[in-house]
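Note sheet for the following structure.
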Amino acid sequence: MGFANLSIAEIAADYSMTVEKLFSLDNQLLIADKHQKSRLALEDAKAIIFRISSDTRPKDRQFGG
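All the letters of the sequence shown, read from the start, carry residue numbers 1 to 65 under UniProt numbering.
Set out below in C-alpha cells:
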C-alpha cells in the first residue's frame, strides 16, 4: 500500500474544514488515524477526498416532462 503526501491537517485546510470534522469523517469511513499530521495511506486519502467532493457537489436535478 502506498502513502499519499497528505495529512488530515492538510486536507482540512485544502477543503476549509476543521480537523475535528475530518476525524469524524474518518470514523465513518473506518479509517484509524492517530494524529492529524501523520501521512495517510493512498486509499484512505482517496476515500476522504471522494467523500468530501461528493458531499459538497451540487445534487443533480431531474426535470420531468
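Note that beta-carbon positions come from the ideal geometry of N, C-alpha and C, so glycine has one too.
Open item on the list: Please report the distance separating the alpha-carbon of E43 from that of D26.
Closed with: Looking up residue 43 in the sequence shown gives position 43. Looking up residue 26 in the sequence shown gives position 26. Between E43 and D26, the C-alpha separation is close to 12 angstroms.
TODO: Can you grab the Cα-Cα spacing for the pair A41 / G2, in whole Å?
DONE: Within the sequence shown, numbered from 1, the residue matching residue 41 stands at position 41. Within the sequence shown, numbered from 1, the residue matching residue 2 stands at position 2. If you take the alpha carbons of A41 and G2, they lie about 6 angstroms apart.
- [ ] Please work out which residues of its chain come closer than 6 angstroms, Cβ to Cβ, to I52, disregarding the five sequence neighbours upstream and downstream, and give them in chain order.
- [x] Taking the first residue of the sequence shown as 1, we reach residue 52 at position 52. Contacts found: Y15.
- [ ] Please report how far the alpha carbon of I11 lies from the alpha carbon of K21, in whole angstroms.
- [x] The residue given as residue 11 occupies position 11 in the sequence shown. The residue given as residue 21 occupies position 21 in the sequence shown. Rounded to the nearest angstrom, the two C-alpha atoms are 11 angstroms apart.
- [ ] Just mark S24 as buried or exposed, buried being the case when its beta carbon has 16 or more other beta carbons within 10 Å.
- [x] The count along the sequence shown starts at 1 and reaches residue 24 at position 24. It counts as exposed.
Task: Residue range of the beta strand (DSSP E) that includes A12 - done: In the sequence shown, residue 12 corresponds to position 12, counting from 1. Taken as a continuous stretch (DSSP letters only), A12 belongs to no beta strand (DSSP E), being part of the alpha helix (DSSP H) at I8 to D14.
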